[in-house]
Amino acid sequence: MGTLMNVLLSIKPTYVEEIINGNKKYEFRKAIFKNPHEIKKVFIYSSRPVKKIIGAFTIGKIVKGTPKDLWNQCGDFAGIGKEDFFSYFKNKHQGFAITIENLEIFSKPVDPYTSITDFKAPQSFCYIDNDFLELFTKNLADTEETNKNFNEKCGKILRMTIHIEDYLDLFISNYFCVSQDRKMFLLKDLIITTLNFDRKKNIFLEICKEEGIEKNITNDINEKLSFIQSVRNRIAHDDTYFYPDKNEITLLKRKSITYKRDELRITDDLVKEIDEKSLSCRSKINDVYLKIFNNSKEQNLNVFW
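Just so you know, we're using this note's numbering here: the sequence shown kicks off at 86 and counts up by one.
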């Protein structure tokens with residue numbers, strides 16, 4: 086056996102989607118690679134307008150036959166309409182069906198034009214030399230690490246906002262059911278937790294107003310809660326945009342994707358800021374709780390968390 090090779094295979098985006106969705110398990114070709122058994126991996130290049138390397142697969146068996154034979158054997162998972170299939174093989178007496186196995190879709194497609202000097206997309210396929218593969222895999226590894234770091238930061242922020250919501254849930258529940266008994270937890274679990282963040286925040290502020298809590302305290306809590314909420318909402322609803330040249334992921338409001346406006350970078354500094362505001366809010370919500378209830382002479386209340 087010779088040296089193992091890799092192949093970059095150009096596929097139209099329509100058919101790439103069919104591969105990703107599992108509807109296309111065969112890739113049809115009029116000509117096949119030399120020594121297919123020596124192909125280690127096939128990388129999928131999604132052609133215009135995508136122009137990115139989106140994943141890879143290994144070759145299972147290769148079916149050789151007339152277009153009619155190929156359709157009869159592979160048509161159920163061709164990922165292409167019968168008319169288009171036979172149009173592709175028009176005037177051809179023979180063709181090939183490559184069985185797609187061990188499909189791997191990259192979490193972030195790789196743009197070869199920014200990572201590989203003088204990259205030219207193959208018309209059908211091309212063999213990848215070691216230099217190309219080294220550049221490509223390095224770019225892929227960097228992209229995966231960027232994606233991992235981005236998701237970790239987003240996860241930290243979401244966990245902190247959940248913790249803040251738990252504080253609001255317990256504050257409101259304890260306010261209306263003074264002792265921590267079964268009814269208080271039922272109120273929290275069946276009613277309070279079903280409210281959205283805005284509603285919980287507004288209920289908290291109304292309680293503070295009713296109990297005469299100083300405005301400078303409630304305004305500070307409200308400002309911090311609103312900031313945390315706005316970042317949480319953007320993580321939950323915005324689209325992500327990857328800058329290959331910077332190897333950076335940012336959040337963009339969906340209406341702004343085309344114009345690259347309203348970007349939000351999820352940085353370590355932002356995570357630190359959310360953490361500081363979250364700790365401050367929890368401390369001040371605790372202070373408000375004590376201020377409201379410590380005047381009660383009839384009950385011996387403890388902090389509810």
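A virtual CB, placed ideally from N, CA and C, is assigned to each residue, including glycine.
{"Query": "Cβ distance (whole Å) where I144 is taken to contact F128 below 8 Å", "Result": "Not confirmed; about 12 Å, so no contact."}
{"Query": "Selection from G166, R114, H248, E186 that minimises the alpha carbon distance to G140", "Result": "E186"}
{"Query": "CB of G150 within 9 Å of CB of A182, strictly", "Result": "yes"}
{"Query": "Residues near F171 by beta carbon distance below 7 Å, same chain, minus five either side", "Result": "P152"}
{"Query": "I139, DSSP secondary structure in three states", "Result": "strand"}
{"Query": "The segment 216-234 in contact with the segment 292-310 per 3-pair CB rule at 8 Å", "Result": "no"}
{"Query": "Which residues DSSP lists as bridging M90, in chain order", "Result": "I124"}
{"Query": "For C211, the three-state DSSP class (helix, strand or coil)", "Result": "strand"}
{"Query": "Cβ neighbour criterion (16 or more within 10 Å) applied to I242", "Result": "buried"}
{"Query": "Length of the line joining the Cα atoms of N287 and L220", "Result": "53 Å"}
{"Query": "For N371 and I298, the rounded distance between their alpha carbons", "Result": "13 Å"}
{"Query": "According to DSSP, residues forming a beta bridge with A206", "Result": "Note: A206 sits in no beta bridge, so no partner."}
{"Query": "Candidates I257, K238, K268, C159: closest to I334 by CA position", "Result": "K238"}
{"Query": "Three-state class that DSSP yields for L188 in the structure shown", "Result": "strand"}
{"Query": "P134 versus N332: straight-line alpha-carbon distance, rounded", "Result": "21 Å"}
{"Query": "Cβ contact check for the segment 201-221 and the segment 246-266: 3 or more pairs under 8 Å", "Result": "no"}
{"Query": "CA-to-CA distance, F191 to N232, given in whole angstroms", "Result": "11 Å"}
{"Query": "C-beta contact flag for I124 and T184 at 9 Å", "Result": "no"}
{"Query": "C-alpha distance - L375 paired with Y326, whole-angstrom precision", "Result": "45 Å"}
{"Query": "Close-in-space but distant-in-sequence residues of the same chain around E230 (CB under 7 Å, 5 per side omitted)", "Result": "none"}
{"Query": "Test item: CB-CB of F113 and F210 under 9 Å", "Result": "no"}
{"Query": "Alpha carbon of D274 to alpha carbon of R317, nearest angstrom", "Result": "22 Å"}
{"Query": "Alpha helix (DSSP H) segment containing E31, residue limits", "Result": "Within the shown structure, residues of the chain are numbered from 86 to 390, placing residue 31 beyond reach of any answer."}
{"Query": "Residues sharing a beta bridge with I144, DSSP", "Result": "I185"}
{"Query": "For R114, the residue or residues it bridges with in DSSP", "Result": "F181"}
{"Query": "Cα-Cα separation, D347 to R319", "Result": "10 Å"}
{"Query": "For V149, the residue or residues it bridges with in DSSP", "Result": "Strictly speaking, residue 149 in this sequence is Lys, with Val absent from that position. For K149, which the question treats as bridged, DSSP gives the partners F181."}
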